[in-house]
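Asks: In this text, residue positions in the sequence shown follow the numbering used here: the first is 2, and each later residue adds one. Built from N, CA and C at the ideal position, the CB exists for glycine as well. Below you'll find the structure I mean.
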Amino acid sequence: LKSNNTRTLGMLIPNSSNPYFAEIVHAVEDRAFSAGYNVILCNTNDEAHRQGSYLQVLAERRIDGLIVVSTGQDSTLPTQLAGLSVPTVLVDREIEIAEQPCDLVETAHMQGGQLATQHLLELGHRRIACISGPAGLVPSEQRIAGWRAALAAAGCDHGDQLLWNGHFTSQGGYDAMHALLRAGTTPPSAVFVCNDLMAMGALCAAHERGLRVPQALSIVGFDDIELTAFTSPPLTTVAQPKQRIGMLAVDMLLERIDGKRQGTRQVMLQPELRTRSSTAPWADTTEGAAA
Numbered sequence: 002l003k004s005n006n007t008r009t010l011g012m013l014i015p016n017s018s019n020p021y022f023a024e025i026v027h028a029v030e031d032r033a034f035s036a037g038y039n040v041i042l043c044n045t046n047d048e049a050h051r052q053g054s055y056l057q058v059l060a061e062r063r064i065d066g067l068i069v070v071s072t073g074q075d076s077t078l079p080t081q082l083a084g085l086s087v088p089t090v091l092v093d094r095e096i097e098i099a100e101q102p103c104d105l106v107e108t109a110h111m112q113g114g115q116l117a118t119q120h121l122l123e124l125g126h127r128r129i130a131c132i133s134g135p136a137g138l139v140p141s142e143q144r145i146a147g148w149r150a151a152l153a154a155a156g157c158d159h160g161d162q163l164l165w166n167g168h169f170t171s172q173g174g175y176d177a178m179h180a181l182l183r184a185g186t187t188p189p190s191a192v193f194v195c196n197d198l199m200a201m202g203a204l205c206a207a208h209e210r211g212l213r214v215p216q217a218l219s220i221v222g223f224d225d226i227e228l229t230a231f232t233s234p235p236l237t238t239v240a241q242p243k244q245r246i247g248m249l250a251v252d253m254l255l256e257r258i259d260g261k262r263q264g265t266r267q268v269m270l271q272p273e274l275r276t277r278s279s280t281a282p283w284a285d286t287t288e289g290a291a292a
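Have a look at this one:
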């Protein structure tokens with residue numbers, strides 16, 4: 002153990018108002034506190050200038066280690082991290098820094114996208130839309146890849162005509178669902194939404210359009226934030242092991258700080274489907290329309 006240990010960890014997150022990140026932070030703080038460490042939390046809003054400023058402050062505070070949760074939108078992060086010579090654990094984003102190898106803990110996002118889509122396929126749905134996060138975000142792109150792969154395997158690949166980009170917010174999901182339902186194509190019978198906040202906005206938009214969920218439209222989210230058990234209807238979603246992500250990030254960091262491990266570790270965690278009430282078997286809603 003280094004003699005000038007401050008027993009302080011730094012943590013960067015992109016959006017403190019997103020419950021997914023908040024739940025990871027909670028797990029990190031609990032694990033760190035039980036090990037005798039304090040955590041300095043910095044909300045970057047994925048802004049390079051703010052991120053750089055926070056990293057400078059953390060360096061001045063002589064933190065013992067750093068946990069970085071990043072959406073991957075900021076291309077300056079590798080350069081900024083290279084200048085901070087402390088053990089670092091990345092969550093959900095692999096960064097190549099030759100002079101400072103980082104540990105990584107992530108979820109198998111592509112598998113999660115496949116789980117969501119396979120669930121809808123098993124319920125008989127074939128026109129399955131996808132509402133994704135901003136283009137270029139690695140976790141979002143991997144979830145889209147899972148959606149595409151599951152559709153292709155089932156022989157119902159409809160290209161990207163049912164793919165809509167949004168923002169990882171409730172408003173983003175709300176706007177994207179309205180846009181999807183206004184489009185001139187045959188509407189989908191189910192939608193895979195790439196995070197739970199967006200799915201909650203999508204639920205609201207469906208209600209406003211007079212579509213009953215799940216009778217007329219099935220919806221699956223991603224993350225399994227606590228609120229999803231209390232939406233109307235409760236949301237079927239792909240669960241990320243958020244508590245395990247936070248605990249592992251701290252454990253991996255302390256191994257490096259305490260000198261118990263020199264080499265880097267990469268851990269891939271498996272997502273799980275949480276089936277609730279927002280999905281149901283496909284029903285041909287056109288039946289009886291001419292009667």
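Rounded to a whole number of angstroms, what is the C-alpha to C-alpha distance between Asn-5 and Asp-65?
Replies: Mapped onto the sequence shown, residue 5 falls at position 4. Mapped onto the sequence shown, residue 65 falls at position 64. Going from the Cα of Asn-5 to the Cα of Asp-65 covers about 9 Å.
Asks: Any chance the segment 267-276 sits against the segment 91-106, with 3 or more Cβ pairs inside 8 Å?
Replies: As far as the Cβ criterion goes, the segment 267-276 touches the segment 91-106, which means the pair count is three or higher.
Asks: So, are the CB atoms of Asp-224 and Asp-197 less than 7 Å apart?
Replies: Here the question's residue 224 lines up with position 223 in the sequence shown. Here the question's residue 197 lines up with position 196 in the sequence shown. For Asp-224 and Asp-197, yes; Cβs fall inside 7 Å.
Asks: Whole-angstrom Cβ separation of Ile-132 and Val-192, contact assumed at under 8 Å?
Replies: Counted from its first residue, the sequence shown places residue 132 at position 131. Counted from its first residue, the sequence shown places residue 192 at position 191. With a Cβ gap of about 6 Å, Ile-132 and Val-192 count as contacting.
Asks: From the DSSP output, in three-state form, read off Cys-157 for me.
Replies: Numbered from 1 along the sequence shown, position 156 holds the residue referred to as residue 157. Note: Cys-157 maps to coil in three-state DSSP.
Asks: Could you check the C-alpha separation between Leu-121 and Thr-7 for me, to the nearest Å?
Replies: Position 120 of the sequence shown holds residue 121. Position 6 of the sequence shown holds residue 7. Taking the straight line joining both Cα atoms gives about 50 Å.
Asks: Which residues share a DSSP beta bridge with Trp-165?
Replies: Locating residue 165 in the sequence shown gives position 164, counting from the first residue. Trp-165 pairs with Ile-132.
Asks: Contact between the segment 203-215 and the segment 41-59 is defined here as three or more beta-carbon pairs at a separation below 8 Å; is this criterion met?
Replies: No contact exists between the segment 203-215 and the segment 41-59.
Asks: Does the Cβ-Cβ distance between Tyr-175 and Cys-195 come in under 7 Å?
Replies: As a first step, residue 175 is located in the sequence shown; it is residue number 174 there, counting from the start. As a first step, residue 195 is located in the sequence shown; it is residue number 194 there, counting from the start. Contact flag unset, no.
Asks: Could you check what DSSP says for Gln-244 in three-state terms: helix, strand or coil?
Replies: Stepping through the sequence shown from its first residue, residue 244 is reached at position 243. Residue state, collapsed to three classes: helix.
Asks: Expressed to the nearest angstrom, what Euclidean distance is found between the alpha-carbon atoms of Ala-23 and Arg-62?
Replies: Residue mapping note: residue 23 aligns to position 22 of the sequence shown, counting from 1. Residue mapping note: residue 62 aligns to position 61 of the sequence shown, counting from 1. Using only the alpha carbons, I get a separation of about 23 Å.
Asks: Is the separation between the beta-carbon of Leu-85 and that of Ala-60 shorter than 7 Å?
Replies: Counted from its first residue, the sequence shown places residue 85 at position 84. Counted from its first residue, the sequence shown places residue 60 at position 59. Yes, the Cβ-Cβ distance between Leu-85 and Ala-60 is below 7 Å.
Asks: Note down the Cα distance separating Ile-14 from Glu-142, rounded to an integer number of angstroms.
Replies: Here residue 14 corresponds to residue number 13 of the sequence shown, with the count starting at 1. Here residue 142 corresponds to residue number 141 of the sequence shown, with the count starting at 1. Ile-14 and Glu-142: Cα-Cα distance of roughly 20 Å.
Asks: In this structure, how does DSSP classify Val-251 when only helix, strand and coil are distinguished?
Replies: Position 250 of the sequence shown holds residue 251. The answer is helix: DSSP assigns Val-251 an H, G or I state.
Asks: Measure the alpha-carbon distance for Leu-42 versus Cys-103 and round it to whole angstroms.
Replies: Counting from one through the sequence shown, the residue named residue 42 turns up at place 41. Counting from one through the sequence shown, the residue named residue 103 turns up at place 102. Cα to Cα, the separation comes out at about 19 Å.
Asks: Between Gly-32 and Met-248, is the Cβ-Cβ spacing less than 7 Å?
Replies: If you number the sequence shown from 1, residue 32 lands on position 31. If you number the sequence shown from 1, residue 248 lands on position 247. According to the sequence provided, residue 32 is Arg. The question's Gly does not apply to it. In contact: Arg-32 and Met-248 (Cβ atoms closer than 7 Å).
Asks: For Gly-202 and Thr-108, I'd like the C-alpha separation in whole angstroms.
Replies: Indexing the sequence shown from 1 puts residue 202 at position 201. Indexing the sequence shown from 1 puts residue 108 at position 107. Roughly 24 Å between the two C-alpha positions.
Asks: Tyr-38: which of Gln-271, Asp-285, Leu-255 sits nearest, CA to CA?
Replies: The residue given as residue 38 occupies position 37 in the sequence shown. Tyr-38 has its Cα closest to that of Leu-255, out of Gln-271, Asp-285, Leu-255.
Asks: Once DSSP output is grouped into helix, strand and coil, what is the label at Gln-101?
Replies: Here residue 101 corresponds to residue number 100 of the sequence shown, with the count starting at 1. Correct three-state label for Gln-101: coil.
Asks: For Thr-238 and Ala-177, which I take to be in contact (beta-carbon distance under 8 Å), what is that distance rounded to the nearest angstrom?
Replies: Within the sequence shown, residue 238 is the residue found at index 237, counting from 1. Within the sequence shown, residue 177 is the residue found at index 176, counting from 1. That belief does not hold up - the Cβ atoms of Thr-238 and Ala-177 are roughly 17 Å apart, past 8 Å.
Asks: When you compare only the Cα positions, how much space is there between Arg-277 and Glu-123?
Replies: The residue given as residue 277 occupies position 276 in the sequence shown. The residue given as residue 123 occupies position 122 in the sequence shown. Looking at the two C-alpha atoms, the distance is approximately 15 Å.
Asks: From Leu-151 to Ala-36, what does the alpha carbon distance come to, in whole angstroms?
Replies: Looking up residue 151 in the sequence shown gives position 150. Looking up residue 36 in the sequence shown gives position 35. Here the sequence assigns Ala to residue 151, which means Leu is not the residue at that position. Those two C-alpha atoms are separated by around 42 Å.
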